[in-house]
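At the far end of the sequence shown sits residue 416, using the working numbering, and the numbering has no gaps.
These notes concern the structure reproduced below.
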Amino acid sequence: MRIPKLLADLGVHFLIVPHLSKTYLDGAALYLNSNPVIALTLRYDRIDSFWFTLMHELAHIVLGHQGAYLDNLDALEENDQETEANEKASEWLINSQTLNEFIISSEKVFFVKQLKNLLKIKIDIQA
Numbered sequence: 290m291r292i293p294k295l296l297a298d299l300g301v302h303f304l305i306v307p308h309l310s311k312t313y314l315d316g317a318a319l320y321l322n323s324n325p326v327i328a329l330t331l332r333y334d335r336i337d338s339f340w341f342t343l344m345h346e347l348a349h350i351v352l353g354h355q356g357a358y359l360d361n362l363d364a365l366e367e368n369d370q371e372t373e374a375n376e377k378a379s380e381w382l383i384n385s386q387t388l389n390e391f392i393i394s395s396e397k398v399f400f401v402k403q404l405k406n407l408l409k410i411k412i413d414i415q416a
């Protein structure tokens, strides 16, 4: 199922608008006649930026944040709503337990590679 249809079926208006030159707007979450609206600018034409911005704006809606949020994700306002939206978006995109398990299981490999680069020597990596 495509994102616009999925969101429309949930009652969320979804827009993608061209990046507005000389602005730093990545996305917005607001309400129009009690209906949630999410807009993305695609300021960064990257898949990671698309998904994180979408999840961040959706988090504002799901968490019940009221008002309008016009977000520059490189320099978010420091407040509880933005922190909550970031945490929820991160949680939806990457399961923290899975990430921690990956880090622990990969720690030796990454450490050995860093050591090898630091010392500029050849080391066989046995994971």
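Note that CB positions come from ideal geometry on N, CA and C, so glycine has one too.
### Task
At 4 residues or longer, and completely inside the region 332 to 398: list those alpha helix (DSSP H) runs for me, N to C.
336 to 351 and 369 to 382
### Query
So alanine 374 and leucine 352 are in contact, right, with Cβ under 8 Å, and what is the actual spacing, rounded?
Between leucine 352 and alanine 374 the Cβ distance is about 7 Å, and since that is below 8 Å, they are a contact.
### Task
Starting from leucine 321, follow its DSSP beta bridges and name the residues at the other end.
Asn324
### Task
Report the partner residues of isoleucine 305 according to the DSSP bridge assignment.
Leu329
### Query
If we call anything under 8 Å between Cβ atoms a contact, is proline 325 one with alanine 318?
yes
### Message
Spatial neighbours of leucine 304 within its chain, please: C-beta separation below 6 Å, excluding the five flanking residues on both sides.
### Response
Ala328
### Message
Is the separation between the beta-carbon of lysine 377 and that of alanine 348 shorter than 8 Å?
### Response
yes
### Message
Rounding to the nearest angstrom, what Cα-Cα distance links histidine 302 and arginine 335 in this structure?
### Response
22 Å
#### Entry: alanine 416 classed as buried or exposed, judged by whether at least 16 other C-beta atoms fall within 10 angstroms
Unreliable placement is indicated for alanine 416, whose pLDDT of 49 sits below 50; no coordinate value is reported for it.
### Query
Anyone know if the C-beta pair for glutamine 370 and histidine 345 falls short of 8 Å?
No, the pair does not count as a contact, with Cβ atoms beyond the cut-off.
### Contact check, tryptophan 340 vs leucine 382, beta carbons under 8 Å
yes
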